[in-house]
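Heads up, the thing below is written out as C-alpha cells.
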Amino acid sequence: MLPLAAANDDSSRVNDCRRGLMVRANWYADHPTACTCVNCDEKRSIVEEKRTILQQHGPKIGRNAKCPCGSGKKYKRCHGS
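In this text, residue positions in the sequence shown follow this note's numbering: the first is 18, and each later residue adds one.
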C-alpha cells in the first residue's frame, strides 16, 4: 500500500491535470479557429462559380423516365449511369 502522503500527492496531480484540461477545453470553445487562407474572397468566388456550373438547366429527368436522346430506353440504362 502507498503511504497516505503519496496517495494525496497523486490525487493532487490528477486534479491539476483535470484543471489544465478544463482550461484548454474552455479556451478552444471561446476562441474559434481563424481563417488561414490568404485569398478568402477569391476562393469563395471560385466555389460560387462551381455551384452555378453544377446547377441543372431544365427539368429533372427521373431515373425510370424514357431517355431524352430518343433511344426508347430508360434514362438510368442509357445516359443516367
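Just so you know, even glycine gets a beta-carbon here, dropped at the ideal spot from N, CA and C.
Because the structure is a prediction, the values reported are computed rather than measured.
Kindly identify the DSSP beta-bridge partner or partners of residue i.
i	result
Lys91	Lys83
Please go through the same chain and pick out, in chain order, the residues whose beta-carbon is closer than 8 angstroms to the beta-carbon of residue i, but skip the five residues on each side of it.
i	result
Ala82	Lys91, Tyr92
Arg80	Lys91, Tyr92, Lys93, Gly97
Less than 7 angstroms between the CB of residue i and some heavy atom of the ligand SAM, yes or no?
i	result
Ser28	Inclusion of the ligand SAM in the displayed structure is not the case, the ligand content being empty and no account of it being possible.
Which same chain residues end up closer than 7 angstroms to residue i when comparing Cβ atoms and leaving out the 5 residues on each side of it in sequence?
i	result
Cys95	Cys84, Cys86, Ser88
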